[in-house]
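Accompanying notes for the structure given below.
Number of protein chains: 2
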Amino acid sequence: MRPTVHDIAAAAGVSLATVDRVLNQRPGVRHVTREKVETAIRELGYVRDVAAANLAKGRTYPLVFILPASDNSFMHGLNAEIRQAVLRSSAERTDIRTIEVPAFDPAALVSVLEQLSREKPCGIALVATDAPDVRAAVDRLVRERFPIVTLVSDLTGSLRHHYAGVDNIAAGRTAARLLGRFLGPRKGEIAVLAGSMLVRDHRERLEGFTAVMAEEFPDLAILPVLEGRDDPEVAHRLVADALGNAGIIGVYSLGAGNRGLIRALKEKAVDRVLTVIAHELTAHTRAALMDNTIDAILNQDAGHEVRSAIRVLKAKADGLAVIEAQERIRLDIFLKDNLP
Amino acid sequence: MRPTVHDIAAAAGVSLATVDRVLNQRPGVRHVTREKVETAIRELGYVRDVAAANLAKGRTYPLVFILPASDNSFMHGLNAEIRQAVLRSSAERTDIRTIEVPAFDPAALVSVLEQLSREKPCGIALVATDAPDVRAAVDRLVRERFPIVTLVSDLTGSLRHHYAGVDNIAAGRTAARLLGRFLGPRKGEIAVLAGSMLVRDHRERLEGFTAVMAEEFPDLAILPVLEGRDDPEVAHRLVADALGNAGIIGVYSLGAGNRGLIRALKEKAVDRVLTVIAHELTAHTRAALMDNTIDAILNQDAGHEVRSAIRVLKAKADGLAVIEAQERIRLDIFLKDNLP
DNA sequence: GATTTTTTGATTTACGTACATCAAAATTGG
DNA sequence: CCAATTTTGATGTACGTAAATCAAAAAATC
Numbered sequence: 001m002r003p004t005v006h007d008i009a010a011a012a013g014v015s016l017a018t019v020d021r022v023l024n025q026r027p028g029v030r031h032v033t034r035e036k037v038e039t040a041i042r043e044l045g046y047v048r049d050v051a052a053a054n055l056a057k058g059r060t061y062p063l064v065f066i067l068p069a070s071d072n073s074f075m076h077g078l079n080a081e082i083r084q085a086v087l088r089s090s091a092e093r094t095d096i097r098t099i100e101v102p103a104f105d106p107a108a109l110v111s112v113l114e115q116l117s118r119e120k121p122c123g124i125a126l127v128a129t130d131a132p133d134v135r136a137a138v139d140r141l142v143r144e145r146f147p148i149v150t151l152v153s154d155l156t157g158s159l160r161h162h163y164a165g166v167d168n169i170a171a172g173r174t175a176a177r178l179l180g181r182f183l184g185p186r187k188g189e190i191a192v193l194a195g196s197m198l199v200r201d202h203r204e205r206l207e208g209f210t211a212v213m214a215e216e217f218p219d220l221a222i223l224p225v226l227e228g229r230d231d232p233e234v235a236h237r238l239v240a241d242a243l244g245n246a247g248i249i250g251v252y253s254l255g256a257g258n259r260g261l262i263r264a265l266k267e268k269a270v271d272r273v274l275t276v277i278a279h280e281l282t283a284h285t286r287a288a289l290m291d292n293t294i295d296a297i298l299n300q301d302a303g304h305e306v307r308s309a310i311r312v313l314k315a316k317a318d319g320l321a322v323i324e325a326q327e328r329i330r331l332d333i334f335l336k337d338n339l340p
Numbered sequence: 001m002r003p004t005v006h007d008i009a010a011a012a013g014v015s016l017a018t019v020d021r022v023l024n025q026r027p028g029v030r031h032v033t034r035e036k037v038e039t040a041i042r043e044l045g046y047v048r049d050v051a052a053a054n055l056a057k058g059r060t061y062p063l064v065f066i067l068p069a070s071d072n073s074f075m076h077g078l079n080a081e082i083r084q085a086v087l088r089s090s091a092e093r094t095d096i097r098t099i100e101v102p103a104f105d106p107a108a109l110v111s112v113l114e115q116l117s118r119e120k121p122c123g124i125a126l127v128a129t130d131a132p133d134v135r136a137a138v139d140r141l142v143r144e145r146f147p148i149v150t151l152v153s154d155l156t157g158s159l160r161h162h163y164a165g166v167d168n169i170a171a172g173r174t175a176a177r178l179l180g181r182f183l184g185p186r187k188g189e190i191a192v193l194a195g196s197m198l199v200r201d202h203r204e205r206l207e208g209f210t211a212v213m214a215e216e217f218p219d220l221a222i223l224p225v226l227e228g229r230d231d232p233e234v235a236h237r238l239v240a241d242a243l244g245n246a247g248i249i250g251v252y253s254l255g256a257g258n259r260g261l262i263r264a265l266k267e268k269a270v271d272r273v274l275t276v277i278a279h280e281l282t283a284h285t286r287a288a289l290m291d292n293t294i295d296a297i298l299n300q301d302a303g304h305e306v307r308s309a310i311r312v313l314k315a316k317a318d319g320l321a322v323i324e325a326q327e328r329i330r331l332d333i334f335l336k337d338n339l340p
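These protein sequence lines are chains A and B, in that order. Okay, so the first sequence: first residue is 1 according to UniProt numbering, each after it adds one. Okay, so the second sequence: first residue is 1 according to UniProt numbering, each after it adds one.
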């Protein structure tokens, strides 16, 4: 049986009340006494029973998710997963609120963060826009002891406690190797469709992609990036135009808005052997994978990201350790054979 | 605030004791009264606070893991993950015991299962050997209300509550498509190294592999399967022999014992362009992926499997729902760029 | 209608922790 | 040494549930 506060009190030769004062960092304990208690805690290997403590405190975890107001399948999916988590709130003692901010707008994000610092949630998850102001705001909140995790898009160099998302450089590198290997000895040009180079995850994917292409597949030339703003219409136009170039033998779509890409491919490339790699598994990309329009899909599981963010925020709020391996968000590679 | 037993009692117009009798299916409640309470429970949307209940009961979850006594990296890894879970036991209220049984020995497995039915653990996870006797023993335990999950290797057609492992047919299919696509237009022969065709997961991987090869890559011929018994020495000999055949352009290793495979490849195939796909990420396969001896690794995350099995068994023991998407064990595809 | 049996209520203790109160003891300052 | 202050102990209540006991009420049996 694991030791309880009573055991600590007995071992330290003090009363229950004193143990309680030490455990909950209440004042009125002499230094020597505090040391005695802390020694007993260490020696007996006491760990607070979080379930009992939460019961006694009537504790809930007010959490805030800050998401960009983007109208694409991935963000819709992320939202849906948060709603699922809300349904589990009562069992998990969470109290989850979602705030939408304009996409790619650091100032708006900062103002929301500043507002939250007054509201005292016990944890914040945000899809970070990569800007110095945002970094500063996040660092300030971390210093004020708010648990913070970045979701989907990281804020490197900031003090955030955790990042619940995939390694986008690795994703880009993986895409490049898959494309290169699938194309084999063929020579030609590769079209790259991105959302916006202002978003860190897209930049990183491109960075990884071009690095591996340059190192390992010198026969494949990367064309200038098409920025589709994650909008199906824009993507469609850009890709349809680009396919006028007969030298293109491969396409890497590293953002959202794949609906337009797929339409363009079906209209303009029926007679050509194109190898296509895209990101994010949606109804559209899934269908395209099944009918061979797309050859592979790289994906991040939004459900895992949301659940992981919640687990990590709760653990940080309680000062507990997280199981690192469990919280690592993996890059899923889907071929038509291993779809979920 | 979520309703408590007191609210149920008030709503149903009965005493706390009666609510307790209904909730814990104790006798001495008239049918009509029971109905009243159940209606109140439904109408208020009451769900038992599992944390409080466990505290009151002093409940622990005695769980048993039954593993084959196989001496390969994967089983060692699985064992290590179970030990990690044991370290978390006190926080998770689990009490985990591991039983090793001779590998591929249905009778031994059945006798352990029968013994357990007397011991009353609150959940059992087993790496199933696929045999009718085992299926019958598992079904019997399920009927006796033991929560049971299969781990790594499933027992299809049995009544087990859950399978914590990958879809091995999908894994084989994925391996085939990767190999076929990586080889591109080349024609030649493919060597397949398995552990044993007596194990269901190996059979399924082969089944998926040959199916996709036949459907989609008719220029690639699959050679008779080499059964390496998951033993590095045997695997080494078999592969070294097979590589005498100059027509081999690809290798699929669907079992364990990859150390021998890798040695054989380094000795016999330095001057050849072989495409190699293997299962299970270990120190050896990882190094081989990095130095281009292996082109891709398919993996199942033993840590996820163990944690998932525990979560599911606990949920079943409490009669709670599991988050299906969370418990799905995914097939990891590793290229050298996305290694963890 | 009296007796037995079944059903229900009222109440208590417990789980491990949090938190508050008040009294007692120890320490500090003058 | 006394008074003021700080530190410690003792005790009780609470959280939501489980489980037990005993008395009271209701229903079933004769």
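Where a beta carbon is used, it is the ideal one built from N, C-alpha and C, also for glycine.
For residue i, does the three-state DSSP call read helix, strand or coil?
{"i": "residue 141 of chain B", "result": "helix"}
{"i": "residue 258 of chain A", "result": "helix"}
{"i": "residue 17 of chain A", "result": "helix"}
{"i": "residue 180 of chain B", "result": "helix"}
{"i": "residue 27 of chain A", "result": "coil"}
{"i": "residue 161 of chain B", "result": "coil"}
{"i": "residue 188 of chain A", "result": "strand"}
{"i": "residue 319 of chain A", "result": "coil"}
{"i": "residue 280 of chain B", "result": "coil"}
{"i": "residue 128 of chain A", "result": "coil"}
{"i": "residue 221 of chain B", "result": "strand"}
{"i": "residue 4 of chain A", "result": "coil"}
{"i": "residue 275 of chain A", "result": "strand"}
{"i": "residue 335 of chain A", "result": "coil"}
Quick one: measure Cβ to Cβ for residue i and residue j, integer angstroms, because I've assumed they're closer than 8 Å.
{"i": "residue 169 of chain B", "j": "residue 215 of chain B", "result": "Not confirmed; about 13 Å, so no contact."}
{"i": "residue 306 of chain A", "j": "residue 148 of chain A", "result": "With 8 Å as the limit, residue 306 of chain A and residue 148 of chain A do not qualify as a contact, their Cβ atoms being about 15 Å apart."}
{"i": "residue 159 of chain A", "j": "residue 296 of chain A", "result": "At roughly 36 Å, the Cβ-Cβ gap does not stay under 8 Å, so residue 159 of chain A and residue 296 of chain A are not in contact."}
{"i": "residue 93 of chain B", "j": "residue 60 of chain B", "result": "5 Å"}
{"i": "residue 126 of chain A", "j": "residue 66 of chain A", "result": "4 Å"}
{"i": "residue 250 of chain A", "j": "residue 275 of chain A", "result": "5 Å"}
{"i": "residue 55 of chain A", "j": "residue 55 of chain B", "result": "7 Å"}
Output the distance between the C-alpha atoms of residue i and residue j, rounded to the nearest integer angstrom.
{"i": "residue 8 of chain B", "j": "residue 35 of chain B", "result": "12 Å"}
{"i": "residue 310 of chain A", "j": "residue 89 of chain A", "result": "11 Å"}
{"i": "residue 104 of chain B", "j": "residue 68 of chain B", "result": "8 Å"}
{"i": "residue 184 of chain A", "j": "residue 218 of chain A", "result": "12 Å"}
{"i": "residue 280 of chain B", "j": "residue 330 of chain B", "result": "13 Å"}
{"i": "residue 204 of chain B", "j": "residue 129 of chain B", "result": "13 Å"}
{"i": "residue 162 of chain A", "j": "residue 99 of chain A", "result": "20 Å"}
{"i": "residue 16 of chain B", "j": "residue 48 of chain A", "result": "30 Å"}
{"i": "residue 202 of chain A", "j": "residue 75 of chain A", "result": "15 Å"}
{"i": "residue 278 of chain A", "j": "residue 252 of chain A", "result": "6 Å"}
{"i": "residue 282 of chain B", "j": "residue 234 of chain B", "result": "18 Å"}
{"i": "residue 84 of chain A", "j": "residue 302 of chain A", "result": "11 Å"}
{"i": "residue 272 of chain A", "j": "residue 262 of chain A", "result": "14 Å"}
{"i": "residue 152 of chain A", "j": "residue 166 of chain A", "result": "7 Å"}
{"i": "residue 355 of chain B", "j": "residue 285 of chain B", "result": "Lying outside 1 to 340, the shown extent of chain B, residue 355 of chain B is not represented and no answer is given."}
{"i": "residue 221 of chain B", "j": "residue 190 of chain B", "result": "6 Å"}
{"i": "residue 264 of chain B", "j": "residue 240 of chain B", "result": "5 Å"}
{"i": "residue 79 of chain A", "j": "residue 72 of chain A", "result": "11 Å"}
{"i": "residue 51 of chain B", "j": "residue 316 of chain B", "result": "15 Å"}
{"i": "residue 135 of chain A", "j": "residue 120 of chain A", "result": "19 Å"}
The alpha helix (DSSP H) spanning residue i covers which residue range?
{"i": "residue 296 of chain A", "result": "Note, residue 296 of chain A: premise wrong, no alpha helix (DSSP H); beta strand (DSSP E) at 296 to 299."}
{"i": "residue 50 of chain B", "result": "50 to 57"}
{"i": "residue 348 of chain A", "result": "Since the first residue shown for chain A is 1 and the last is 340, residue 348 of chain A is missing from the structure and cannot be characterised."}
Locate the beta strand (DSSP E) running through residue i, then write down its first and last residues.
{"i": "residue 249 of chain A", "result": "248 to 253"}
{"i": "residue 97 of chain A", "result": "94 to 101"}
{"i": "residue 329 of chain A", "result": "Counting along the chain, residue 329 of chain A falls outside any beta strand (DSSP E), and DSSP gives it neither H nor E."}
{"i": "residue 149 of chain B", "result": "148 to 151"}
Pull up the DSSP beta-bridge partners for residue i, would you.
{"i": "residue 212 of chain A", "result": "In the DSSP output, where bridge partners are listed per residue, residue 212 of chain A has none listed."}
{"i": "residue 65 of chain A", "result": "A/98, A/125"}
{"i": "residue 226 of chain B", "result": "B/193"}
Compute every distance between the C-beta of residue i and the non-hydrogen atoms of the ligand HEM, then say whether any falls below 6 Å.
{"i": "residue 170 of chain B", "result": "This structure lacks the ligand HEM, and indeed carries no ligand of any kind."}
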